[in-house]
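Below is one structure; the comments refer to it alone.
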Amino acid sequence: MILQNIYEKIEKVCPNLVLFLTDDQDVVLLGAEHMTNLRELLVRQGTVLSNAYVDTPLCCPSRSSILTGRYVHNHGAINNSLEGHCSDRVWQETDFHARCVKLVHLQIAGYRTFFAGKYLNQYGRAESGGPAHVPPGWHWWQGLVGNSRYYNYSLSINGSEVWHGDHPDADYLTSVIEKQALQFLASLPPKSHDLPQHEAPFFMMLSTPAPHAPFTPQPKYEDKFPDLKAPRTANFNVRNDGTKHWLLRLGEQPLREELLDKVDDIFRNRLRTLLSVDDMLKKIVESLHEKELLDDTYIIFTSDNGFHLDQFSLPYDKRQPYEFDIRVPFVIRGPGVGKGVTLPHPISNVDLAPTLLSLAGVAVPKDMDGVSLKSFLLRHEVKEGASELRSKSPSLWLGSRTLLVEHSGEGFARTDGACGHLGPGMYGCDPEFDCKCTDSWNSSFACVRQIRLVSDDAIYTSNDASVSDINIQNSSRSRLKEDQDDHSKDSGTTITHKHQKLKGRTTIYSEPGSVRTAKDVVFCRWQDQEEFVEFYDLSEDPSQLMNAAGRLSAEQLLYYHALLDALVRCSGAACHVA
Numbered sequence: 342m343i344l345q346n347i348y349e350k351i352e353k354v355c356p357n358l359v360l361f362l363t364d365d366q367d368v369v370l371l372g373a374e375h376m377t378n379l380r381e382l383l384v385r386q387g388t389v390l391s392n393a394y395v396d397t398p399l400c401c402p403s404r405s406s407i408l409t410g411r412y413v414h415n416h417g418a419i420n421n422s423l424e425g426h427c428s429d430r431v432w433q434e435t436d437f438h439a440r441c442v443k444l445v446h447l448q449i450a451g452y453r454t455f456f457a458g459k460y461l462n463q464y465g466r467a468e469s470g471g472p473a474h475v476p477p478g479w480h481w482w483q484g485l486v487g488n489s490r491y492y493n494y495s496l497s498i499n500g501s502e503v504w505h506g507d508h509p510d511a512d513y514l515t516s517v518i519e520k521q522a523l524q525f526l527a528s529l530p531p532k533s534h535d536l537p538q539h540e541a542p543f544f545m546m547l548s549t550p551a552p553h554a555p556f557t558p559q560p561k562y563e564d565k566f567p568d569l570k571a572p573r574t575a576n577f578n579v580r581n582d583g584t585k586h587w588l589l590r591l592g593e594q595p596l597r598e599e600l601l602d603k604v605d606d607i608f609r610n611r612l613r614t615l616l617s618v619d620d621m622l623k624k625i626v627e628s629l630h631e632k633e634l635l636d637d638t639y640i641i642f643t644s645d646n647g648f649h650l651d652q653f654s655l656p657y658d659k660r661q662p663y664e665f666d667i668r669v670p671f672v673i674r675g676p677g678v679g680k681g682v683t684l685p686h687p688i689s690n691v692d693l694a695p696t697l698l699s700l701a702g703v704a705v706p707k708d709m710d711g712v713s714l715k716s717f718l719l720r721h722e723v724k725e726g727a728s729e730l731r732s733k734s735p736s737l738w739l740g741s742r743t744l745l746v747e748h749s750g751e752g753f754a755r756t757d758g759a760c761g762h763l764g765p766g767m768y769g770c771d772p773e774f775d776c777k778c779t780d781s782w783n784s785s786f787a788c789v790r791q792i793r794l795v796s797d798d799a800i801y802t803s804n805d806a807s808v809s810d811i812n813i814q815n816s817s818r819s820r821l822k823e824d825q826d827d828h829s830k831d832s833g834t835t836i837t838h839k840h841q842k843l844k845g846r847t848t849i850y851s852e853p854g855s856v857r858t859a860k861d862v863v864f865c866r867w868q869d870q871e872e873f874v875e876f877y878d879l880s881e882d883p884s885q886l887m888n889a890a891g892r893l894s895a896e897q898l899l900y901y902h903a904l905l906d907a908l909v910r911c912s913g914a915a916c917h918v919a
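Oh and the sequence shown: position 278 is 619 in this note's numbering, straight run, nothing missing.
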């Protein structure tokens, strides 16, 4: 079937862009099933990417990756502290924004830009410019000072600090973000039917505190879902088998039964906070519709990282390399995007900035580590010279991606209180949960997340390069390519392509629903004295219960170590690995 008959024809306009970014919303435990507006207005009217990952399971580094389109080792914000370069003085420098924070390019391209909510965890600190500092790239700026909260906070309103108290509705942060966003939309001129587009498109980034701690719901929702419990997944409150890294082996396992009530209460309150986000989403969509802007607007909904609730007996947090902490919701609607479609193709949060830029018609800088998903999502032919999806790679079109996940461990010089016996270097140790800790100085890790999808029909437009042309550029390249071929053979799957010549290039396309998973693995290495390694084949062990690193051959270990060595140093196109 001709692709133009499947997807709506794309108008040649500069579209509006709206990005909803929640805080700590995982897709494994807290998806969209209770967010009715998200389901009706985005999921059914757009495309869900069910294998959306973050490059790091922590707020500030992940948000920095979203803003820059770069992996953590390239943008430098390694954790949530000023010492870890979270919104430190470097982020205040205009030249840094020009080089790294690529969403600034939208303002340069003539977009009206609006931000409201949580920016980076240390934003507004006196040591880094205070609330008077407005990051370059934003015309309208309403940034939360500090980390997520729901009441008793301050906002930088275009550089002026404004305090909010604890009024149940007027001060609830999600509602304040909603009000500011609606005021911005109300200020826009009506769509002109005499022009092919409204004269100045806009980009809105709405960054909610929900469902981050302290998990405070709006009063009207505080009694919702009284009987819901945290999902009892296969890895819920299980005793670790001793094959996982040392931090997971620390403390009593499983959690005592009386602690599970608190876990369930956290789950309910997280969900309740998202109901206010769901309300905001509906009102934004209604406002766009009333101003006749909805059909010209791309809306994306995603999160900065995932979350766990007693998985592997870890009480509640993120910072781990498992699916519940690194996999997030991702849905997009807009002109040309398939409706009611779910795609398993793997993407990363570093793909967000290049995708937004290319949707706006802005050239994607070559030093971005992510790829634009525009052509993949819109299913139309890539023009000569365009950089969408780095369309030179058929493998990326097929969904064969090797993504990097990295985390820098964080700890304090001393551990105080009831958990003081643990000594220095620990972080987030909770005496209520038997001194379980969320992080430590030597809990840094890097992972290779590989997903390979195959189909009877490939999906891509190829110009002149093959998979090997964008493969890892290091001394192990031939060994890696050979081993990749061996892994492909092991899958027992044969790919048959349908070819169609179009304007001098080979266009390969696919009918929906023909994709299946051939490889679904994660390999992680810790920077500790053990140089600990974990490996999971999620096609066999989706809950990651058993570390299978011991089953890898010497050749496979060499392959994954070399691949990881290359990725933790990659930049730009060298990061685009099949």
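Cβ atoms here follow ideal geometry from the backbone N, Cα and C, with glycine treated the same way.
Element boundaries [beta strand (DSSP E), containing residue 505]: Segment 501–505, the beta strand (DSSP E) holding residue 505.
Short Cβ contact (8 Å threshold) for residue 667 with residue 388: One thing to note: residue 667 has its Cβ no nearer than 8 Å to the Cβ of residue 388.
Sheet register partners of residue 545 (DSSP bridge): In the DSSP assignment, residue 545 is bridged to 359, 455.
Identity of the residue in 402, 764, 585, 610 nearest residue 890 by Cα: Answer by Cα proximity: 585.
Beta-carbon proximity check, residue 522 vs residue 625, cutoff 8 Å: Judged by their CB atoms, residue 522 and residue 625 are nearer to each other than the 8 Å cut-off.
Buried versus exposed, by CB contacts within 10 Å (16 or more), residue 892: Exposed is the call here.
Beta carbon of residue 403 nearer than 8 Å to that of residue 409: Not closer than 8 Å, so no.
CA-to-CA distance, residue 778 to residue 395, given in whole angstroms: Looking at the two C-alpha atoms, the distance is approximately 22 Å.
Same chain, Cβ closer than 6 Å to residue 571, neighbours up to 5 away in sequence not counted: Correct list, in chain order: 604, 605, 608, 650.
Opening and closing residue of the beta strand (DSSP E) in which residue 876 lies: It spans 874–878 - the beta strand (DSSP E) in which residue 876 sits, taken as one unbroken run.
Coarse secondary structure for residue 795, derived from DSSP in three states: Strand.
Inter-stretch contact at 8 Å, needing at least 3 Cβ pairs: the segment 681–700 / the segment 612–620: Not touching, per the Cβ criterion.
Given residue 871 as reference, the closest of 773, 716, 784, 699 once Cα atoms are compared: Residue 871 has its Cα closest to that of 784, out of 773, 716, 784, 699.
Euclidean distance between Cα positions of residue 806 and residue 761: Caution applies to residue 806, whose pLDDT of 28 falls short of 50 and renders its modelled position unreliable; the value that the coordinates give is listed next. Straight-line spacing of the CA atoms in residue 806 and residue 761 works out to 57 Å.
CA-to-CA distance, residue 913 to residue 361, given in whole angstroms: When only Cα atoms are considered, residue 361 and residue 913 end up about 26 Å apart.
Own chain, CB closer than 6 Å to residue 648, minus 5 neighbours either side, in chain order: Excluding residues within five positions, the ones whose Cβ falls inside 6 Å are 365, 367, 659.
Runs of alpha helix (DSSP H) lying entirely within the segment 596–674, each at least 4 residues, in chain order: 601–631, 664–667, all fully within the segment 596–674.
Residue interval of the beta strand (DSSP E) (run including residue 865): Counting along the chain, the beta strand (DSSP E) containing residue 865 begins and ends at 856–867.
Local Cβ density within 10 Å of residue 563, reported as buried at 16 or more and exposed below that: Around the CB of residue 563, fewer than 16 other CB atoms lie within 10 Å, so the residue is classed as exposed.
Residue 685 to residue 791 span [Cα, whole Å]: Rounded to the nearest angstrom, the two C-alpha atoms are 13 Å apart.
Residue interval of the alpha helix (DSSP H) (run including residue 407): Run containing residue 407: 400–409, per the alpha helix (DSSP H) assignment.
Residue 479 versus residue 485: straight-line alpha-carbon distance, rounded: Those two C-alpha atoms are separated by around 14 Å.
8 Å contact criterion, which residue 749 and residue 518 should meet: CB distance rounded: Not quite, the Cβ-Cβ distance comes to about 29 Å (not below 8 Å), so this is no contact.
Residue closest to residue 527, alpha-carbon to alpha-carbon, out of 543, 717, 515, 514: The residue with the shortest Cα to Cα distance from residue 527 is 543.
Contacting residues, own chain, Cβ-Cβ under 7 Å from residue 774 (five flanking each side not counted): Take residue 774, set aside five residues on each side of it, and the residues of its chain with a beta-carbon closer than 7 Å to its own are 596, 600, 656, in chain order.
C-alpha gap between residue 905 and residue 860, whole angstroms: Residue 905 and residue 860 have their C-alpha atoms spaced approximately 17 Å apart.
Close beta carbons around residue 875, own chain, < 7 Å, minus the five adjacent residues each side: Taken in chain order, the residues that qualify are 585, 586, 865, 888, 890.
Helix, strand or coil at residue 748 [DSSP, three-state]: Three-state DSSP puts residue 748 in a strand.
Proximity winner among 412, 357, 644, 477, relative to residue 371 (alpha-carbon distances): Comparing C-alpha distances from residue 371 to each of 412, 357, 644, 477 shows the shortest one belongs to 644.
Three-way DSSP call (helix, strand, coil) for residue 810 in this model: Its pLDDT being 28, under 50, residue 810 is placed unreliably by the model, and the measurement read from it follows with that caveat. The three-state reading of DSSP puts residue 810 in helix, counting H, G and I together.
Limits of the unbroken alpha helix (DSSP H) element including residue 918: Under the DSSP assignment, residue 918 falls outside any alpha helix (DSSP H); it carries neither an H nor an E label.
Segment contact, 8 Å Cβ cut-off, at least three pairs: the segment 697–712 with the segment 440–460: Yes, the segment 697–712 touches the segment 440–460.
Neighbour-count burial assignment, residue 386, 16 or more Cβ in a 10 Å radius: Counting Cβ neighbours within 10 Å, residue 386 comes out buried, since at least 16 surround it.
Simplified DSSP assignment, three categories, for residue 687: The answer is strand: DSSP assigns residue 687 an E or B state.
Residue 327 versus 483, 770, 705, 636, residue with shortest Cα-Cα distance: Only positions 342 to 919 of the chain appear in this structure, which leaves residue 327 out of reach.
Residues sharing a beta bridge with residue 307, DSSP: One cannot answer for residue 307 here, as it falls past the ends of the chain, which runs 342 to 919.
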